[in-house]
Amino acid sequence: MLIVLGLGAALLTSALIAWFYVLESNERRHTIFNVVALTFLFEALVTPEVAEVPVGLLRPELLGQDFRPPDLLLIAAIAARLLAGRWGRIGPVGLAWFPFFALYLTGVVIGLLVGLPFDQVLFQGKALLYIVGGMMVASGADVDRLVQSIGRVGLLLAPLLPIGLILSWSDLTIAIDTPIQSFPQLGVLSHDTITILVVLGGAVIVTEALRTRPRWYAAAAGAALLLMPITRDQRGSYLTVAAVVVMLVLLGLGPSWRRRSSVTGAQVAVVSLLLVAIGAVGLATGASSGVIEEAFGGQGKGESAEERVTLYEESLDLAQQRPIFGSGVGIEVDIKTVNTGEDLRTTAHNLVLDIWLRIGLIGVVLLGIALVVTSWTALSVWRGSATNPTAAVAIVGLLGIVGWLAKALVEPALDKFRLSLLAGLAIGFVAAAWRAGSDQSDSSDGSAGSRSHDERRPVVARAGLDADRTTPGVL
Numbered sequence: 211m212l213i214v215l216g217l218g219a220a221l222l223t224s225a226l227i228a229w230f231y232v233l234e235s236n237e238r239r240h241t242i243f244n245v246v247a248l249t250f251l252f253e254a255l256v257t258p259e260v261a262e263v264p265v266g267l268l269r270p271e272l273l274g275q276d277f278r279p280p281d282l283l284l285i286a287a288i289a290a291r292l293l294a295g296r297w298g299r300i301g302p303v304g305l306a307w308f309p310f311f312a313l314y315l316t317g318v319v320i321g322l323l324v325g326l327p328f329d330q331v332l333f334q335g336k337a338l339l340y341i342v343g344g345m346m347v348a349s350g351a352d353v354d355r356l357v358q359s360i361g362r363v364g365l366l367l368a369p370l371l372p373i374g375l376i377l378s379w380s381d382l383t384i385a386i387d388t389p390i391q392s393f394p395q396l397g398v399l400s401h402d403t404i405t406i407l408v409v410l411g412g413a414v415i416v417t418e419a420l421r422t423r424p425r426w427y428a429a430a431a432g433a434a435l436l437l438m439p440i441t442r443d444q445r446g447s448y449l450t451v452a453a454v455v456v457m458l459v460l461l462g463l464g465p466s467w468r469r470r471s472s473v474t475g476a477q478v479a480v481v482s483l484l485l486v487a488i489g490a491v492g493l494a495t496g497a498s499s500g501v502i503e504e505a506f507g508g509q510g511k512g513e514s515a516e517e518r519v520t521l522y523e524e525s526l527d528l529a530q531q532r533p534i535f536g537s538g539v540g541i542e543v544d545i546k547t548v549n550t551g552e553d554l555r556t557t558a559h560n561l562v563l564d565i566w567l568r569i570g571l572i573g574v575v576l577l578g579i580a581l582v583v584t585s586w587t588a589l590s591v592w593r594g595s596a597t598n599p600t601a602a603v604a605i606v607g608l609l610g611i612v613g614w615l616a617k618a619l620v621e622p623a624l625d626k627f628r629l630s631l632l633a634g635l636a637i638g639f640v641a642a643a644w645r646a647g648s649d650q651s652d653s654s655d656g657s658a659g660s661r662s663h664d665e666r667r668p669v670v671a672r673a674g675l676d677a678d679r680t681t682p683g684v685l
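Each residue of the sequence shown is one higher than the one before, starting from 211 at the first, in this note's numbering.
Given below as structure tokens:
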């Protein structure tokens with residue numbers, strides 16, 4: 211059976227590489243992005259927490275490792291890019307992240323050389339696949355088509371809020387069993403999926419606000435996605451909501467927002483009131499009050515918080531033993547559980563501590579530089595791009611990074627493939643926006659002399675996300 215699964219995976223990967231190579235050669239990278247993004251979103255919506263997904267089509271096992279649908283797609287996308295050799299301009303984002311990726315890969319080799327558990331080295335090392343692969347795929351997305359799709363995806367997913375509230379309130383479980391995959395908790399969204407939906411909600415709000423004619427029903431759908439954490443009992447999701455909302459407020463207060471958006475303060479207030487009303491309805495019906503109480507006051511959450519404090523202390527002590535270069539990718543921390551006193555071996559559940567343990571303070575510094583450069587690039591495109599779609603994609607990427615970082619402070623974000631891929635896609639969006647902005651600048655430099663001032667002016671009426679314009683495809 212193991213040989214059959216291996217041969218099947220090899221054949222499928224080969225077919226994907228050939229397909230993606232043809233797409234790369236014909237400059238159809240956006241189609242590759244569509245395939246990866248839709249597969250990623252589908253997997254996140256139909257399966258529960260990553261560790262609870264039954265073995266099957268969406269979780270095949272090979273050589274003691276779990277594999278997910280995005281794995282083969284990302285491997286094929288990277289291989290196709292290498293074979294096609296169509297790299298184009300790397301840009302500041304790629305240059306900023308390369309040293310961190312190189313050091314992390316070195317940490318994988320060190321982990322193997324010093325004898326850390328092979329399965330754990332491979333497990334932690336797969337973060338490179340998701341982040342690098344996500345960056346490469348998203349950097350090839352077409353910004354105009356992307357912004358036209360975000361609102362539609364938000365409208366399709368907004369009903370998940372009432373569905374989630376009903377399932378939470380009724381404690382209902384939908385189970386479907388098929389020969390190739392079991393779905394024991396269909397309709398119950400994982401905490402990582404909720405993080406993805408919150409980021410998507412912020413993206414919907416941004417892109418709709420920058421349209422020439424904003425669609426308020428689509429903005430309401432984005433607001434509904436921001437409320438998704440009330441359907442589950444994890445506090446970390448609320449950190450993502452707070453980070454995304456703060457980013458939206460700061461953007462709204464800036465001069466670039468006023469220049470780019472036709473949305474007024476009164477209209478923003480209406481959307482905000484709608485957001486509050488939706489949350490109030492959920493609380494009034496009692497559908498989410500128990501979930502919120504459990505998230506912030508449940509016994510299990512208290513024990514989890516106590517364990518996390520102990521984990522941070524032990525992680526800090528272990529990191530200080532090899533502070534500069536780290537102990538290698540694959541390192542874990544030993545603690546005792548609060549409720550049973552049993553030994554538990556896990557990672558630090560904090561991005562900074564995890565990086566410090568694995569590749570040392572040098573890795574922490576390189577990560578910080580990469581994040582600063584990426585954020586600065588996104589804000590530069592936001593301020594200076596001649597078109598709103600390009601500026602919107604840059605901010606969507608920045609929202610994704612900020613939302614991911616908020617979760618990464620209290621979760622093993624590098625070791626959860628959904629969160630790692632979210633980070634890679636978000637970084638790739640910034641790279642795509644920079645590329646589009648650079649292409650626009652090159653075009654303007656070559657033909658600005660023959661155009662009038664009105665044609666060059668980056669105003670909403672000319673450069674806005676036209677609500678009536680449609681493009682083929684979902685994304």
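All C-beta atoms in this analysis are idealised placements derived from N, C-alpha and C, irrespective of residue type, glycine included.
Contact check, residue i vs residue j, beta carbons under 8 angstroms
i, j, result
"leucine 716", "valine 454", "In this structure the chain extends from 211 to 685, so residue 716 is not present and cannot be described."
"arginine 645", "serine 400", "no"
"glycine 634", "glycine 343", "yes"
"leucine 375", "alanine 385", "no"
"threonine 405", "leucine 251", "no"
"leucine 233", "arginine 239", "yes"
"leucine 632", "proline 280", "no"
"valine 319", "threonine 417", "no"
"leucine 577", "phenylalanine 333", "no"
"valine 459", "valine 408", "no"
"leucine 624", "aspartate 564", "yes"
"histidine 559", "valine 612", "no"
"alanine 580", "glycine 607", "no"
"valine 265", "glutamate 271", "yes"
"tyrosine 231", "alanine 290", "yes"
"leucine 365", "alanine 431", "yes"
"leucine 435", "leucine 410", "yes"
"glutamine 650", "alanine 588", "no"
"threonine 388", "alanine 254", "no"
"valine 473", "proline 394", "no"
"arginine 278", "leucine 268", "yes"
Which residues DSSP lists as bridging residue i, in chain order
i, result
"lysine 546", "Asp553"
"aspartate 387", "Ser392"
"glycine 266", "Arg269"
Residue i versus the options, residue with shortest Cα-Cα distance
i, options, result
"valine 603", "Ser585, Leu615, Leu619 and Lys626", "Ser585"
"phenylalanine 712", "Thr520, Ile541 and Ala618", "There is no way to answer for residue 712, as the model of the chain reaches only from 211 to 685."
"alanine 419", "Val620, Ser471 and Leu561", "Ser471"
"alanine 337", "Lys626, Asn560, Val575 and Gly538", "Lys626"
"leucine 326", "Thr587, Arg568, Val575 and Ala618", "Arg568"
"leucine 292", "Ala228, Val256 and Ala588", "Ala228"
"leucine 615", "Tyr448, Ala596 and Gly536", "Tyr448"
"valine 414", "Pro622, Ile605, Lys617 and Leu217", "Ile605"
"alanine 294", "Val260, Glu237 and Leu255", "Glu237"
"leucine 571", "Ala529, Arg278 and Ala225", "Ala529"
"glutamine 687", "Ser595, Asn598, Arg442 and Thr257", "Past the edges of the chain, shown from 211 to 685, lies residue 687, and the structure says nothing about it."
"arginine 355", "Pro622, Asn598 and Lys617", "Asn598"
"valine 456", "Arg469, Gly412, Arg468 and Tyr427", "Gly412"
"threonine 441", "Leu377, Arg469 and Thr383", "Leu377"
"serine 380", "Asp276, Pro369 and Val398", "Val398"
"glycine 446", "Ala220, Lys617, Leu217 and Val583", "Lys617"
"valine 331", "Gln275, Thr422, Arg296 and Val363", "Gln275"
"valine 574", "Arg468, Met345 and Gly317", "Gly317"
"valine 363", "Ala429, Arg296 and Asp352", "Ala429"
"glycine 335", "Gly218, Arg296, Ser359 and Leu315", "Leu315"
Cβ of residue i within 8 angstroms of any chain B Cβ
i, result
"isoleucine 376", "In the displayed structure, chain B is absent; only one protein chain is listed."
Expected contact under 8 angstroms - CB spacing of residue i and residue j to nearest Å
i, j, result
"alanine 641", "valine 347", "About 11 angstroms; that fails the 8 angstroms criterion."
"glycine 321", "valine 539", "4 angstroms"
"leucine 283", "valine 245", "6 angstroms"
"glycine 647", "threonine 600", "5 angstroms"
"alanine 287", "isoleucine 242", "6 angstroms"
"leucine 371", "leucine 437", "6 angstroms"
"tryptophan 566", "glycine 594", "Incorrect: roughly 35 angstroms between the Cβ atoms, too far for contact."
"glutamate 524", "threonine 547", "Rounded, the Cβ-Cβ distance is 13 angstroms, inconsistent with contact."
"proline 622", "threonine 557", "5 angstroms"
"isoleucine 285", "threonine 223", "6 angstroms"
List in chain order: all unbroken alpha helix (DSSP H) runs of 4+ residues lying wholly within the stretch 569-630. Contiguous alpha helix (DSSP H) elements confined to the stretch 569-630 occur at 598-618, taking only those with 4 or more residues.
What ranges does the alpha helix (DSSP H) occupy inside the stretch 298-330, keeping only unbroken runs of at least 4 residues that lie completely in it? Here the runs fully enclosed are 301-323.
Enumerate, from N- to C-terminal direction, the unbroken alpha helix (DSSP H) stretches of 4 or more residues contained entirely within the stretch 332-416. If we require 4 residues or more, the alpha helix (DSSP H) runs fully inside the stretch 332-416 come out as 337-349, 353-367 and 370-380.
With a floor of 3 residues, list each beta strand (DSSP E) that falls wholly inside the stretch 440-467, ordered by position along the chain. Those beta strand (DSSP E) runs which fall completely within the stretch 440-467 and span 3+ residues do not exist here.
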